[in-house]
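Peer 1:
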Amino acid sequence: MCLSTPNKKGFKYFSKKAVPIWKPPDRTTITTRMEQKAKRLGGIVREALVNVPTVCLTADCWTEKHTTTSFLGVTMHYPVEDDMESIVLGLEPLYDHHTADFLASKVDEHPNT
C-alpha cells in the first residue's frame, strides 16, 4: 500500500464506512513510525551480533515478472548456537545492466553492508 493511501478520498470513505470511529494515520505519522521501528530494529540487530564470531553475506538479483523491475537483495547469515539466522540488509531496484562492476558498486554503496 502506498504511503499516501490514507489521504485519498476513496480510502477515507471506505474506512469511515468500515470502522466509523477509526481515523487512519496520515503519511507523516506512518513515515515517522516506520523510521522509529527501523531504528529500534537496527539496535536489536547490533545487539544480537555482538557475540557473533563470523557472518556470511549473500547477494541475489531477480526481475519481478509483472513489472519487469530488477532488484538486488543483500542478506547476512550468522550462526546462533546450533542454528543459522538471516537478516535482510537491503533491497535495491536495479536500473542498469547487471554487470559485475555495476552490482559490486550497488553492494558497496549500500549503507548496511
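Numbering follows the numbering used here, with no gaps: position 16 of the sequence shown is 22. Note that the Cβ used here is the ideal one computed from N, Cα and C, for glycine as well.
1) Please state the DSSP three-state secondary structure of residue 10.
2) Assign residue 19 to one of three DSSP states: helix, strand, or coil.
3) Please name the residue, chosen from 89, 108, 82, 92, that lies closest to residue 99 on a Cα-to-Cα basis.
4) Counting Cβ pairs closer than 8 Å, one from the region 34–47 and one from the region 55–70, do we hit at least three?
5) Tell me the rounded alpha-carbon separation between residue 24 and residue 30.
6) May I have the straight-line CA-CA distance separating residue 73 from residue 102, to the nearest angstrom?
7) Can you give me the C-alpha to C-alpha distance between residue 85 and residue 93, rounded to a whole angstrom?
8) Determine, using beta carbons only, whether residue 78 and residue 67 come nearer to each other than 8 Å.
9) Should residue 2 be labelled buried (16 or more other beta-carbon atoms within 10 Å of its own) or exposed?
10) Which residues bound the beta strand (DSSP E) around residue 93?
Peer 2: Walking through what the data contain:
1) coil
2) helix
3) 108
4) no
5) Between residue 24 and residue 30, the C-alpha separation is close to 12 Å.
6) 15 Å
7) 12 Å
8) Yes, they are a contact pair.
9) As displayed, the chain neither begins before 7 nor continues past 119, which places residue 2 out of reach and without an answer.
10) 89–100
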